[in-house]
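For reference, the structure discussed in these notes is given below.
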Amino acid sequence: MTQWRILRNFDPWIVVSGLVLAFFGALLIYSASRTVYPDGIESLSHPAVRHLVIATLGVVVVFAVAWLDYRTLGQVAPTIYAVALALLAGVLLVGTSVYGSRRWLDAGGLSIQASEVAKLLVIIVLAKFLADRHLEVASLRAFLLSLAIAAVPVALVLAEPDMGTAIIFGAAWLGMVVVAGCRPQHILVFLATLTLSIPFVVLGVMGDYQRERIAVFLNPEADPLGGGFQILQAEISVGSGGIFGKGLIHGTQTQLDYLQTPTRDYIFSVLGEELGLVGALLLFALFAFLLFRGLRAATLARDPFGRLIATGIVIMILFQVFINVAVNIRLLPVTGIPLPFISAGGSSLITLFVALGLLESILLRHRQIDF
Amino acid sequence: MDFLRGGGQRWRSEKPRRPEHAFLAGRNLFLLQVLIFVLFGILTLQLVRMQVFEVDQYEEKAQNNRLRELQVLPLRGLIYDRNGAPLVQNVANYAAVITAADLPDKNEEEVFARLGEVLKMPPQEIAEKVGEKREDGNPYEAVVIKDELDRDTALILKELTPNLPGVELRVEARRRYPSGDLTSHIVGYVGRIDQEEYASLRPRGYILNDQVGKTGTEADYEDVLRGKPGKELAEVDASGRQLDVLDARAAQPGQSVFLTIDLELQRKATDALREFMGTSDNATAVVMDVHSGEVLAMVSLPAFDNNLFSRAISQQELDDLLSQPGKPLVNHAIAEMYAPGSTFKTITGLAALQEGVARTDTVITSKGYITVANEYDPNVVYYFRDWAALGAMDFYRGVAMSSDVYFYYLSGGKADEGFRGLGEERLARYARSFGLGEPTGIDLPGESPGLVPDARWKEQNWGETWYVGDTYSFGIGQGYLAVTPLQLLNAVATIANGGDLLRPRLLKEIQDDHGNTVATFGPEVRRQVPVNPDYLAVMREAMRQSVDYGVASSAAVPGLTVAGKTGSAEFGEQRADGSYDTHGWFVGFAPFEDPQIAVVVFVQRGGGYQNAAPVAARIFDYYFHQRYVAQPEGSP
Chain A
5 MTQWRILRNF DPWIVVSGLV LAFFGALLIY SASRTVYPDG IESLSHPAVR
55 HLVIATLGVV VVFAVAWLDY RTLGQVAPTI YAVALALLAG VLLVGTSVYG
105 SRRWLDAGGL SIQASEVAKL LVIIVLAKFL ADRHLEVASL RAFLLSLAIA
155 AVPVALVLAE PDMGTAIIFG AAWLGMVVVA GCRPQHILVF LATLTLSIPF
205 VVLGVMGDYQ RERIAVFLNP EADPLGGGFQ ILQAEISVGS GGIFGKGLIH
255 GTQTQLDYLQ TPTRDYIFSV LGEELGLVGA LLLFALFAFL LFRGLRAATL
305 ARDPFGRLIA TGIVIMILFQ VFINVAVNIR LLPVTGIPLP FISAGGSSLI
355 TLFVALGLLE SILLRHRQID F
Chain B
5 MDFLRGGGQR WRSEKPRRPE HAFLAGRNLF LLQVLIFVLF GILTLQLVRM
55 QVFEVDQYEE KAQNNRLREL QVLPLRGLIY DRNGAPLVQN VANYAAVITA
105 ADLPDKNEEE VFARLGEVLK MPPQEIAEKV GEKREDGNPY EAVVIKDELD
155 RDTALILKEL TPNLPGVELR VEARRRYPSG DLTSHIVGYV GRIDQEEYAS
205 LRPRGYILND QVGKTGTEAD YEDVLRGKPG KELAEVDASG RQLDVLDARA
255 AQPGQSVFLT IDLELQRKAT DALREFMGTS DNATAVVMDV HSGEVLAMVS
305 LPAFDNNLFS RAISQQELDD LLSQPGKPLV NHAIAEMYAP GSTFKTITGL
355 AALQEGVART DTVITSKGYI TVANEYDPNV VYYFRDWAAL GAMDFYRGVA
405 MSSDVYFYYL SGGKADEGFR GLGEERLARY ARSFGLGEPT GIDLPGESPG
455 LVPDARWKEQ NWGETWYVGD TYSFGIGQGY LAVTPLQLLN AVATIANGGD
505 LLRPRLLKEI QDDHGNTVAT FGPEVRRQVP VNPDYLAVMR EAMRQSVDYG
555 VASSAAVPGL TVAGKTGSAE FGEQRADGSY DTHGWFVGFA PFEDPQIAVV
605 VFVQRGGGYQ NAAPVAARIF DYYFHQRYVA QPEGSP
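Structure (structure tokens):
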């Protein structure tokens with residue numbers, strides 16, 4: 005049982021920044037869903053309301069998870085790993101297909117986006133594995149084993165196919181092994197191998213749809229009404245927003261339905277158009293603030309396990325934000341990644357609040373330096 | 005994967021071999037901080053590039069997405085007869101149209117399939133039509149898939165269009181011609197603009213699928229009838245639905261045209277002509293006010309139903325019209341030219357009087373023929389026949405009995421008797437001064453100029469010299485001379501009105517869409533004919549006598565003094581008995597005392613006395629005697 009005095013170590017800024025981001029997201033979701041809900045908010049089923057409800061629920065989740073000692077998770081790491089793999093495999097077997105890609109599990113009226121949940125679970129498992137070997141982490145064996153732990157879910161996610169989430173897994177693993185202190189040589193060799201294998205991946209492993217996406221990304225004007233449409237329209241939306249934007253609910257691209265999935269993967273285009281560069285920088289500032297609070301938790305963590313979990317969470321959020329925004333502003337090919345805290349979607353939002361809860365849990369139990 | 009089998013036990017059994025070194029993690033966490041800055045920095049740089057430096061370019065693209073400029077077609081003006089009877093109406097036409105740009109990115113075949121089901125046409129056909137428009141590089145302009153939808157289909161389609169992106173039910177005004185074939189040659193018709201017309205009319209605000217006057221008044225007064233198209237700046241969403249009209253300049257409706265035609269007279273003239281044309285391929289009758297040049301009726305038979313063209317006419321229907329020997333699409337009153345026959349003697353006679361070749365008391369005897377010796381071999385003698393041995397005649401009787409011999413003397417002379425005729429040069433000059441050989445300038449498209457021959461013309465076109473025999477033929481309206489019925493009518497109207505050669509016209513008045521008169525039109529005198537008015541009076545009297553006791557007596561109307569001249573113009577191959585097929589003509593005016601209207605009747609393969617003159621009599625009788633007689637309620 006936790007003692008009350010350790011609550012002094014609770015970091016309110018983490019919860020606050022998560023909530024502010026979610027509120028920011030609700031505003032954008034409201035604007036982006038006006039084409040579908042032209043009469044505004046009439047019931048609790050409105051996506052903006054849903055988003056706020058889940059965020060509120062998220063606060064409860066933060067406290068619940070914070071109250072739980074994160075170290076108990078280490079004891080059930082194999083089970084967690086099994087659950088993660090089961091979710092990812094399940095989605096391949098009985099999942100629902102959206103935009104040609106299987107990502108959803110239907111369970112008792114709830115749709116769960118399996119990879120969103122699995123991301124956090126795999127981070128915990130990797131953290132546990134690396135923490136237990138933090139003294140021999142420089143060995144090739146530990147390095148390869150950790151790679152194997154990450155490779156299985158990556159393979160399952162790629163089979164969905166969901167390139168974006170696979171990259172998140174990869175980035176989280178890479179960041180965590182670096183922080184855990186593995187040999188730079190191992191990492192460099194690994195990265196070199198990866199780079200050299202790209203041609204083979206493109207030709208052999210990649211599906212037609214992925215190759216097509218890359219071709220379209222490089223030249224969307226070749227097919228402006230087909231595959232290139234959303235790339236061009238997202239770019240036009242953001243670009244036409246200018247410095248101050250066209251004003252919430254006044255973006256012509258958004259309100260005239262030129263964006264596809266404007267409440268999810270393309271919500272940044274809504275922000276870029278309606279709130280402009282100023283809005284985007286505000287969003288970046290909020291994220292950067294949250295990420296630094298996360299790194300603070302990593303620094304203060306009492307043990308490698310906590311530190312690695314915090315690191316993994318920071319990397320997960322950072323890369324999701326980067327990839328999502330980069331796709332919206334035509335720096336990366338199209339890949340379906342939600343913008344953390346902003347995009348509509350319960351699985352993602354709840355998982356993120358669980359992650360924030362873990363950060364709090366790590367902070368509450370950090371090494372006591374009481375004066 | 006061994007840690008899975010080994011469970012948590014083994015993990016916990018690990019013993020630290022080296023002391024914990026937190027400094028390592030600290031350094032690597034610093035790397036992570038740098039990464040956060042770098043990644044957000046990359047995003048910010050791209051955003052600044054797009055939103056600050058290239059914002060104009062993106063803004064323009066967003067505006068292009070959002071705004072669409074649409075043409076608003078004006079309501080076309082109407083056409084009325086001189087008494088305000090409508091000759092055309094605007095009625096609603098329902099058409100299914102597709103805007104290629106608004107079709108869904110995927111599954112456009114599904115849209116085609118569902119639309120095909122409603123319209124009962126194969127989806128491939130729809131796909132082809134849309135494909136053509138795409139190739140033209142005009143994906144924003146709607147293409148008509150099917151026209152003339154019945155009300156039920158239109159209603160079904162209206163229900164479905166919200167679920168069929170790119171498909172629209174378009175309601176447009178369609179021309180309906182209530183008098184149909186009765187006035188089709190005058191009113192004409194409108195049709196869809198074709199590629200060539202579109203290319204030239206586009207700068208004047210015409211759009212694809214637009215309607216344009218193709219012939220008749222619809223074509224000639226296109227600019228008056230069309231009005232000015234308006235513009236609409238509309239906001240459209242990504243699937244092309246029009247959400248809001250941001251700016252609009254209303255279309256200016258077309259002005260209405262009141263024609264000089266009297267629909268009732270037109271009907272009576274048509275009935276009479278149809279009755280007397282017998283088995284002729286075609287016939288025509290034109291009635292004109294001799295003082296104003298207003299055309300009161302213009303009938304060309306066979307006619308066609310112009311409503312066929314205002315719908316999209318089928319190839320079958322068009323082929324039917326084109327294959328008929330009477331050429332129903334041709335307005336024979338203005339577009340075809342024929343030898344005028346004896347009706348031309350009016351002009352020969354006037355020329356002879358004016359030139360002093362003949363006086364009213366010039367007596368010539370017809371033995372039934374005239375002889376001309378060959379210039380080089382006097383033993384060779386040519387015979388030019390009269391239609392009968394008419395005996396001695398003065399000028400009046402010569403015209404009234406339509407003696408060919410009398411006019412052989414006046415035109416070609418009789419060298420061996422020392423009678424000097426007019427000669428071809430003077431004949432041609434007078435013919436031209438009465439407006440023959442040039443278009444009358446009537447406000448209808450497709451007018452023929454006719455042909456007035458002379459020696460030079462024959463030399464140039466036939467490579468032959470002009471003989472005195474040619475002059476004889478010329479003088480009695482045979483040979484190379486060719487006129488349109490309207491030209492002949494106009495020439496005789498000039499005799500009737502005392503010498504003013506008018507421009508025949510169909511336009512009486514233009515009104516705007518509120519019924520205010522914009523412009524009225526009066527007589528337009530092209531020139532005075534170079535003939536002494538006294539001689540014109542002589543010719544009028546001769547024409548009166550022709551109807552009174554002469555060859556045109558079948559044009560007589562009790563209670564009305566009609567003056568006129570018939571003609572039976574020979575044409576084609578000589579028959580075995582030496583005779584020819586003839587075209588029947590009558591041209592005349594009434595009343596003689598104070599001429600008001602002139603009438604020309606032409607019956608192909610008919611006779612002037614038997615076929616043409618009686619039609620004129622019916623027209624005169626109706627015009628002067630029955631026009632204002634009360635009709636029972638409800639009768640036409």
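Chains A and B supply the protein sequences, listed in that same order. Once you know that position 322 of the first sequence is 326 in the numbering used here, the rest is easy, because the numbers rise by one and skip nothing. Once you know that position 571 of the second sequence is 575 in the numbering used here, the rest is easy, because the numbers rise by one and skip nothing. Glycine included, each C-beta is placed from N, C-alpha and C at the ideal position. Please read these numbers as outputs of a predicted model, since none were measured by experiment.
Review point. In whole angstroms, what separates the C-alpha of residue 595/B from that of residue 576/B?
Key: 36 Å
Review point. Quick one: does residue 284/A have its CB under 8 Å from some CB of chain B?
Key: yes
Exercise for review: Please list the residues of the stretch 152-176 of chain A that have a C-beta atom closer than 7 Å to any C-beta atom in chain B, keeping them in chain order.
Suggested key: 152
Review point. Hey, does residue 194/A have any beta-carbon neighbour from chain B nearer than 8 Å?
Key: no
Check your understanding: Interface residues of chain B around residue 179/A at Cβ under 7 Å?
Key -> 36
Exercise for review: Count the other CB atoms, across all protein chains shown, that sit within 10 Å of the CB of residue 168/A; report buried if there are 16 or more and exposed otherwise.
Suggested key: The residue in question, residue 168/A, is buried, as its Cβ has 16 or more Cβ neighbours within 10 Å.
Exercise for review: Could you tell me whether the stretch 564-580 of chain B touches the stretch 512-522 of chain B, where touching means 3 or more Cβ pairs closer than 8 Å?
Suggested key: no
Point to revise | Contact set between residue 246/A and chain E, taken where Cβ atoms lie within less than 8 Å | key: Here chain E cannot be found, since the structure's protein chains are A and B.
Point to revise | Any C-beta of chain B under 8 Å from that of residue 333/A | key: yes
Exercise for review: Take residue 256/B as the anchor and find which of 115/B, 76/B and 119/B has the nearest alpha-carbon.
Suggested key: The candidate whose alpha carbon is nearest that of residue 256/B is 76/B.
Check your understanding: Quick one: what does DSSP say residue 363/A is sitting in, helix, strand or coil?
Key -> If DSSP states are grouped into helix, strand and coil, residue 363/A belongs with the helices.
Point to revise | Reduced DSSP secondary structure (H/G/I, E/B, other) of residue 423/B | key: strand
Exercise for review: Would you kindly report the start and end of the unbroken alpha helix (DSSP H) that includes residue 590/B?
Suggested key: Note, residue 590/B: premise wrong, no alpha helix (DSSP H); beta strand (DSSP E) at 585-594.
Practice item. Could you tell me the distance, in whole angstroms, from the CA atom of residue 556/B to the CA atom of residue 178/B? Key: 46 Å
Point to revise | Complete alpha helix (DSSP H) runs within the stretch 70-137 of chain A (minimum length 4 residues, chain order) | key: 75-79, 81-98 and 118-136
Practice item. Would you list the one or two residues that DSSP bridges to residue 386/B? Key: 376/B
Exercise for review: Under 8 Å between beta-carbons, which chain A residues line up against residue 52/B? List them in chain order, please.
Suggested key: 281, listed in chain order.
Point to revise | chain A contact residues for residue 43/B, given Cβ-Cβ distances below 7 Å | key: The answer, in chain order, is 322 and 326.
Review point. How big is the Cα-Cα spacing for residue 334/A and residue 19/A?
Key: When only Cα atoms are considered, residue 334/A and residue 19/A end up about 31 Å apart.
Point to revise | Helix, strand or coil at residue 114/B [DSSP, three-state] | key: helix
Practice item. Assuming residue 222/B and residue 192/B form a contact by the criterion Cβ under 8 Å, report the distance between their Cβ atoms to the nearest whole angstrom. Key: 4 Å
Check your understanding: Exposed or buried, residue 4/B, counting other C-beta atoms within 10 Å across all chains shown (16 or more means buried)?
Key -> With chain B represented from 5 up to 640, any question about residue 4/B goes unanswered, as that position is not in the structure.
Point to revise | Three-state secondary structure assigned by DSSP to residue 457/B | key: coil
Review point. How is residue 23/A classed by DSSP in three states: helix, strand or coil?
Key: helix
Check your understanding: Which bits of chain A does residue 156/B rub up against, with CB to CB less than 9 Å?
Key -> None at all; the shortest Cβ gap to chain A is about 31 Å.
Check your understanding: Going along chain B in order, which residues have a C-beta closer than 8 Å to the C-beta of residue 240/A?
Key -> Going along chain B in sequence order, the residues near residue 240/A (Cβ under 8 Å) are 62, 65, 66 and 69.
**Study point:** Rounded straight-line distance, which links the Cα of residue 274/B to that of residue 534/B
**Key:** Answer to the nearest angstrom: the Cα atoms are 35 Å apart.
Point to revise | From 444/B, 502/B, 111/B and 263/B, residue whose alpha carbon lies closest to that of residue 454/B | key: 444/B
**Study point:** Nearest residue (CA-CA) to residue 338/A, options 98/A, 200/A, 270/A and 67/A
**Key:** 270/A
Practice item. From the DSSP output, read off the bridge partner residues of residue 2/B. Key: The shown model of chain B, from 5 to 640, leaves out residue 2/B, and the question about it has no answer.
**Study point:** Separation of residue 390/B from residue 225/B, as counted between CA atoms
**Key:** 47 Å
Review point. Residue 329/A touches chain B at which residues, Cβ-Cβ below 8 Å?
Key: In chain order: 47.
Check your understanding: beta strand (DSSP E) containing residue 286/B: first to last residue?
Key -> Careful: residue 286/B lies outside any beta strand (DSSP E) and carries neither H nor E.
Exercise for review: Can you pull the chain A residues whose beta carbon is under 7 Å from the beta carbon of residue 248/B, in chain order?
Suggested key: The premise fails here: residue 248/B is roughly 10 Å from chain A at the closest Cβ pair, so nothing lies under 7 Å.
Practice item. Using a threshold of 8 Å, state whether the C-beta atoms of residue 3/B and residue 289/B are closer than that. Key: Lying outside 5 to 640, the shown extent of chain B, residue 3/B is not represented and no answer is given.
Check your understanding: Does the distance from the CB of residue 327/B to the CB of residue 609/B come in under 8 Å?
Key -> no
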